[in-house]
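**Q** Have a look at this one before I ask anything.
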Amino acid sequence: MSSEEIRKVLTIKVNSLNDLVRLAMTYAGPTSQSIFLLKFWDGDKLIIGMLGLFRDYYKFYGLPILYYHICSEEEIPRIKDSNYIVISTDGEKLEFSKSPKPGMSIPLIYLADKPPIIPKLS
């Protein structure tokens with residue numbers, strides 16, 4: 493398949509990491525698939541994102557979407573070496589951890605490179 497046949501995903505920047513985690517949580521549930529977030533570098537920016545699909549958009553079968561958050565300078569040290577985002581059960585507090593903990597733990601999958609289907613993010 494040539495690079496011309498592979499189109500880039502649509503990108504939607506969320507306002508905060510909490511917004512992205514809330515969005516991911518909407519996919520979690522007894523009848524839902526497992527959820528995970530992607531973590532990768534885009535130049536000097538650490539990106540946390542989630543791929544989604546907007547199904548049956550007009551004549552298309554679906555539009556692939558990347559919902560993403562660009563980590564702030566303050567967030568990078570806490571997130572870059574973490575494997576999980578842990579959401580406490582007593583509020584909307586996020587913790588970053590190397591291993592799962594009580595509460596809801598969302599895996600962070602660290603990609604070696606930014607996938608070619610993702611455009612430059614700002």
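If you read the sequence shown in this note's numbering, its first letter stands for residue 493, the second for the next number, and so on.
For every residue, glycine included, the Cβ atom is placed at its ideal position computed from N, Cα and C.
The structure presented is a predicted model; accordingly, all values stated were derived computationally and were not measured.
1. Just grab the DSSP bridge partners of I540 for me.
2. In whole angstroms, what separates the C-alpha of P569 from that of R547?
3. For M493, does the three-state DSSP call read helix, strand or coil?
4. Note down the Cα distance separating P556 from L543, rounded to an integer number of angstroms.
5. According to DSSP, is I577 part of a helix, a strand, or is it coil?
6. Should A516 go down as buried or exposed, given a rule of 16 or more other Cβ atoms within 10 Å for buried?
7. Name the residue from L530, I598, W533 and E567 whose alpha carbon lies nearest to the alpha carbon of Y576.
8. Round the Cβ separation of L509 and E567 to the nearest angstrom and send it over; I've been treating them as touching at under 8 Å.
9. Using DSSP bridges, identify the partner residues of S597.
**A** Reading from the atomic positions:
1. Sequence index remark: in the sequence shown, residue 540 carries index 48 (1-based). Note: I540 sits in a beta bridge opposite K531 and H561.
2. Here residue 569 refers to the residue found at position 77 when the sequence shown is read from its first residue. Here residue 547 refers to the residue found at position 55 when the sequence shown is read from its first residue. Answer to the nearest angstrom: the Cα atoms are 36 Å apart.
3. As a position in the sequence shown, residue 493 is number 1, starting the count at 1. For M493, the predicted structure reports a pLDDT of 49, less than 50, and the residue's modelled location is therefore unreliable. A value from the coordinates is still provided. DSSP places M493 in coil when its eight states are reduced to three.
4. Taking the first residue of the sequence shown as position 1, residue 556 is located at position 64. Taking the first residue of the sequence shown as position 1, residue 543 is located at position 51. The alpha-carbon atoms of P556 and L543 are separated by roughly 7 Å.
5. Here the question's residue 577 lines up with position 85 in the sequence shown. Three-state DSSP puts I577 in a strand.
6. Taking the sequence shown and counting its residues from 1, the one referred to as residue 516 is at position 24. Under this definition A516 is a buried residue.
7. Your numbering for residue 576 matches position 84 in the sequence shown. That would be I598, whose Cα lies nearest to the Cα of Y576.
8. Here the question's residue 509 lines up with position 17 in the sequence shown. Here the question's residue 567 lines up with position 75 in the sequence shown. Confirmed, about 7 Å.
9. Locating residue 597 in the sequence shown gives position 105, counting from the first residue. Looking at the DSSP assignment, S597 forms a beta bridge with V578.
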